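For the sequence shown, the working numbering gives the first residue as 1, with consecutive numbering after it. The structure under discussion appears below in the form of structure tokens.
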Amino acid sequence: MTTPEDLEMRSHPKSLINLLRGWPNPSLLPVNLLQTATKKVLADRTIADPGLLYGPDTGDPRLRECVAKWLTKFYKPAQPISHERITITGGASQNLGCVLQVYSDPGYTRNVWMIAPAYMLAFRIFQDSGFHEKLRAVPEDEEGVDIQYLQRQMRKSEERAKSEGNTAPKFKPSRPYGKIYRHIIYAVPAFSNPSSRTMSLQRREQLVRIARQFDALIITDDVYDFLQWPAGTTTDQSSLESATLPRIVDIDRTLEGGAEREGADGFGNVASNGSFSKIAGPGLRTGWVEGTEKFAYGVSQTGTTASGGAPSQLTSTYVAELLESGELQKYIFETLQPAYAERFRTMLKAIEEHLLPLGVSLPQSDRQVVGGYFMWLSLPPPLQSKAVAQRAKAEENLIVAQGELFEVPGDSESASFPHDLRLCFAWESLENIREGIARLARVVSQMQRKGAGGETMAPATENGHK
Ligand SMILES: Cc1ncc(COP(=O)(O)O)c(C=O)c1O
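See the structure below:
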């Protein structure tokens with residue numbers, strides 16, 4: 001379908017550069033590896049037949065095993081990860097919906113707490129589960145989450161629930177394989193979409209303690225963890241074989257007696273959503289969720305899985321082949337990390353050259369390890385990112401994402417981003433990344449010269465070079 005927007009784009013004298021799209025560039029898709037894996041799987045009826053039939057609820061057993069071993073090697077937790085902690089999913093988005101089906105009730109569950117700026121496509125998943133009036137923003141701080149703010153607000157939320165007599169699930173039946181949490185906390189702790197921030201170890205531990213205190217389930221989208229490299233534009237090193245911080249699910253497993261400590265219900269307080277979208281291809285629609293064994297089994301018991309079997313059953317067999325042979329791990333280390341590092345460094349250099357002198361700033365610029373798909377820029381006030389994005393599109397045929405897109409619907413007053421922009425370095429070519437930043441700088445500097453209403457604005461001050 002051709003939209004009026006497409007026509008407008010096509011008629012623009014400049015070629016389109018899209019720094020909003022959070023997709024991998026097609027050159028980074030492991031097509032050849034998948035070709036070998038699919039051929040092998042389909043030639044072996046002992047793998048192909050179960051792959052083409054309904055799968056077990058918890059997913060392809062071979063993939064569960066492979067994921068457990070691979071995660072053990074990458075995250076190096078205190079004890080190895082067993083396959084019982086893993087359920088295969090249709091990716092992080094699909095699984096967020098499944099988790100909410102089994103573990104939340106839009107009446108009893110008081111609020112969904114989203115660390116903001118937040119991944120905007122998660123909003124509708126929560127809304128679909130009945131939480132449209134219960135979404136709350138929790139501001140990020142330099143360490144990843146304003147923990148005191150969250151604690152204060154959760155306390156208030158509990159007082160409200162008490163005064164309303166909200167003491168039992170209203171819409172969901174009681175099930176032996178599930179439970180209903182009183183709160184949901186949603187976070188992207190490493191190389192976040194959109195802010196690219198990484199949450200500190202201290203904040204991760206504090207979050208687990210708060211979740212236990214308030215009977216909250218923390219759902220983390222850990223989808224960028226494998227795409228990491230040393231920070232800086234001068235180092236030659238572009239790959240890192242293991243994670244530098246434990247996931248929040250790893251912390252819940254061991255902190256102060258762990259998720260399965262005596263007296264606890266065994267479901268734990270954290271679900272880690274993993275995905276092959278960013279490290280193999282989003283079209284695979286395959287991922288995994290990790291939690292306690294009890295939790296992982298519960299997610300697999302949604303009605304849709306009970307009827308249709310595990311999602312992505314056939315693609316799971318291909319991905320298992322890639323992991324068992326070690327090809328995917330090698331591909332991430334030797335191809336993806338260096339390629340994304342180069343893209344990141346190209347964008348950073350262009351930002352340093354063109355945008356920092358105009359007063360634009362980058363958060364967490366002192367990190368040792370960086371990663372993911374995105375960079376988050378703060379424009380010098382009074383520049384509004386919405387106006388900049390509009391001008392960039394109209395004048396430069398450049399698409400960027402303005403901060404408002406990542407504000408939590410219904411709670412933008414708690415965390416608003418009128419001066420921020422998200423840029424993606426995964427989709428466009430290196431040349432377009434450089435050109436895109438130069439175009440953005442042209443827009444910013446023209447707007448600074450003219451001022452929003454056409455008046456002359458003060459030039460960038462010395463703090464513009466931070
Ligand atoms: C934070 C976050 N969660 C989930 C997704 C989607 O993951 P999947 O393709 O596994 O559904 C993305 C993709 O952009 C993302 O950035």
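Glycine included, each C-beta is placed from N, C-alpha and C at the ideal position. Quick caveat: nothing in here was measured; it's all calculated off a predicted structure.
Which residues mark the beginning and the end of the alpha helix (DSSP H) in which residue i is found?
| i | result |
| --- | --- |
| N432 | L430 to K450 |
| S242 | S242 -> no alpha helix (DSSP H), and no H or E assigned at all. |
| P61 | P61 to Y75 |
| V360 | Neither: V360 is in no alpha helix (DSSP H) and is coded neither H nor E. |
| F333 | Unbroken run through F333: none, as it is neither H nor E. |
| G372 | Where G372 is concerned, there is no enclosing alpha helix (DSSP H), given that its DSSP letter is neither H nor E. |
| A392 | S385 to E396 |
| G51 | R45 to L52 |
| A161 | I147 to S163 |
Return the first residue and the last residue of the beta strand (DSSP E) that residue i is part of.
| i | result |
| --- | --- |
| Q228 | Q228 to P230 |
| R422 | D420 to C424 |
| Y177 | No beta strand (DSSP E) contains Y177, which DSSP labels as neither H nor E. |
Please determine, among the options, the residue with the shortest C-alpha to C-alpha distance to residue i.
| i | options | result |
| --- | --- | --- |
| Y340 | S445, L240 and P139 | L240 |
| N193 | G291, M375 and K386 | M375 |
| S174 | S157, L217 and V102 | V102 |
| E321 | D44, L20 and I17 | D44 |
| L505 | L28, G51 and H12 | Residue 505 lies beyond the stretch modelled for the chain, which goes from 1 to 466, so this question has no answer here. |
| L227 | I88, R85 and F276 | F276 |
| V223 | W288, T335, E159 and L53 | W288 |
| G107 | L42, A426, A168 and L28 | A168 |
| L63 | G263, T87 and R449 | T87 |
| L405 | P246, S200, R124 and E65 | R124 |
| M447 | P409, A387 and F267 | A387 |
| L207 | S157, Q148 and R155 | Q148 |
| V369 | R434, K69 and S200 | S200 |
| E324 | K179, V67, I17 and P13 | V67 |
| V145 | A394, G55 and I210 | I210 |
| Q390 | K179, S157, L421 and Q329 | L421 |
| P468 | R449, D411, A394 and Y297 | Beyond the ends of the chain as shown, which are 1 and 466, falls residue 468; an answer cannot be given. |
| P380 | Y373, R367 and L356 | L356 |
| L121 | P409, I251 and E164 | P409 |
| F333 | V360, D225 and A438 | D225 |
What do you reckon, are the CB atoms on residue i and residue j nearer than 7 Å?
| i | j | result |
| --- | --- | --- |
| F131 | A243 | no |
| D57 | S300 | yes |
| W229 | Q337 | yes |
| L358 | V270 | no |
| A392 | L398 | yes |
| F171 | D215 | no |
| L19 | G436 | yes |
| L348 | T233 | yes |
| I248 | R203 | no |
| A187 | T220 | yes |
| F191 | G451 | no |
| E293 | E84 | yes |
| T89 | I81 | no |
| R343 | F267 | no |
| S196 | P117 | no |
| S307 | T286 | no |
| I218 | I180 | no |
| G55 | G309 | yes |
| A231 | R367 | yes |
| S316 | D141 | no |
Looking at C-beta atoms only, is the number of pairs between the stretch 128 to 147 and the stretch 105 to 119 that lie closer than 8 Å three or more? yes
Every unbroken alpha helix (DSSP H) within the stretch 190 to 223, with a cutoff of 4 residues, ordered by chain: 201 to 214
Kindly provide the ranges of any alpha helix (DSSP H) runs that are 4 or more residues long and lie completely inside the stretch 254 to 324, ordered along the chain. 293 to 299, 303 to 308 and 313 to 324
Indicate whether the contact test is met: 3 or more Cβ pairs, each with one atom in the stretch 15 to 25 and one in the stretch 275 to 289, closer than 8 Å. yes
Three-pair Cβ contact test at 8 Å for the stretch 35 to 42 versus the stretch 409 to 423: no
Complete runs of the beta strand (DSSP E) confined to the stretch 65 to 140 [at least 3 residues]: 86 to 89, 111 to 116 and 135 to 139
Any 3 or more C-beta pairs closer than 8 Å across the stretch 432 to 451 and the stretch 393 to 413: yes
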